[in-house]
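Read through the structure below, which is laid out as structure tokens, and then see the notes.
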Amino acid sequence: MTLKLRGDPDRDWTDAFLDDNPIPVRVATRTPSGGLWMLSLWYGYDADDATLHLATSASARVVEYLEADPEVAFEVSTNHPPYRGVRGQGTATLEPDDDKALLRTLVDDYLGDRDSDLAQWLLRDDRDEVHVTVDVERAYAWDYGDRMRDVDARRPE
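Here it is in structure tokens:
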């Protein structure tokens, strides 16, 4: 599928931003009753096919929601000036992550190693994991670095 990209940054900037920032993705979906649901998940990005790869527990509510309606909206953005990010829409598919291969990669990316209590808890044998692939269909990228150049230095800690 060809990614439809809008915004000032080009595809190379967008791919690099999504690939190089350990910022959780915010994912919005619908519940089976038609309500809205948003959550943050760790992700990896594959620039070759414009896909986000998310890990979540097999018992998480979002698994049920995505099985009922695979359409999602997402955003990966910085929380401090200068603001930059990518938001968009896509379609999710789910498959078991039986050997936790994706989760292991994400633990390494986000935590740096697998030694913490959190890493051990996430990777425990009795936890069933799901690999969610989001085929990004549309995206909008932004980088307010130039217009916020003087704000960056005044950012509160």
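Here my numbering is used: the first residue of the sequence shown is 1, the next is one more, and so on. A virtual CB, placed ideally from N, CA and C, is assigned to each residue, including glycine. None of the values given here were measured: they were computed from a predicted structure.
With distances taken between CA atoms, residue 131 lies nearest to 93 out of 142, 93, 113.
Where residue 138 is concerned, the enclosing beta strand (DSSP E) starts and stops at 129-143. Assignment of beta-bridge partners to residue 39 by DSSP yields 27. Counting C-beta pairs closer than 8 Å gives three or more between the segment 101-118 and the segment 53-69, which meets the contact rule.
Between the C-alpha atoms of residue 74 and residue 119 there is a straight-line separation of about 25 Å.
The beta-bridge partner set that DSSP reports for residue 93 consists of 133. In the three-state reduction of the DSSP assignment, residue 5 falls in the strand class, which pools E and B. The beta-carbon separation of residue 137 and residue 91, rounded to 7 Å, stays under the 8 Å limit for a contact.
Cβ contact annotation for residue 51 (same chain, cutoff 6 Å, sequence separation greater than five): 133, 135, in chain order.
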